[in-house]
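Notes to accompany the following structure.
In structure tokens form, the structure reads like this:
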């Protein structure tokens, strides 16, 4: 079943339009029907992509709804793309990158505050089970996106490159480095988390 709030949220503004506060734009009916089919077919996949990138279900649902809202607002451009789904996937990846950067900034502020308040040495937590999702979160956004798209969505290097807007060679190198980092982290889950920022 489709999340009704996400569909309603995506429909508040028509393609190429900016609604005034409190107003709802009245889009072309054929565009609305076409977008509704796109939404039904791809919402779950986009939400799953967002979840794998963010590691947070609520945040992923919100991000997928935001991406679909943005896609609807520029639906004329999205539908004209060679691969509309790849276009919207890239929107999800870019939005998740922005969200992660904001979270990292907040986490760093909290860590600095915590360090000032409590300088005691704590023993690191030892997880009972290796958590692949936690390991994924240690990767910088681009490497994480490469791994998620290549292995989570079984996409080819070429398709992954198209979604991320980078060269195939970049996907190859970023994926190889990410896999090596994941292997190290999974072999020793006590490794400290790396900053979630682009290199």
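Numbering (full-length UniProt numbering), first residue to last: 1 to 199. We put the CB at the ideal spot given by N, CA and C, even for glycine.
- For residue 40, the enclosing alpha helix (DSSP H) covers residues 29–54.
- For residue 165, the secondary structure class from DSSP, reduced to helix, strand or coil, is coil.
- Distance check between residue 153 and each of 181, 85, 58, 37 places 85 closest, using alpha-carbon atoms only.
- Cβ atoms of residue 88 and residue 46 come within 8 Å of each other, at about 6 Å.
- The three-state reading of DSSP puts residue 95 in helix, counting H, G and I together.
- DSSP places residue 131 in the coil class of the three-state scheme, outside both helix and strand.
- Residue 68 sits in a helix when the DSSP states are folded into three classes.
- Rounded to whole angstroms, the separation of the alpha carbons of residue 179 and residue 72 is 35 Å.
- Taking 8 Å as the cut-off, the Cβ atoms of residue 50 and residue 64 count as close.
- A straight line joining the alpha-carbon of residue 67 with that of residue 135 spans about 25 Å.
- The beta carbon of residue 146 sits closer than 8 Å to the beta carbons of 160, 164, 171, 174, 175, 178 from its chain, once the five residues preceding and following it are set aside; these are given in chain order.
- With contacts defined as CB atoms closer than 8 Å, residue 55 and residue 137 qualify as a contacting pair.
- Comparing alpha-carbon positions, the option among 83, 157, 96 lying closest to residue 62 turns out to be 96.
- Looking at the backbone, the Cα of residue 91 and that of residue 37 are separated by about 19 Å.
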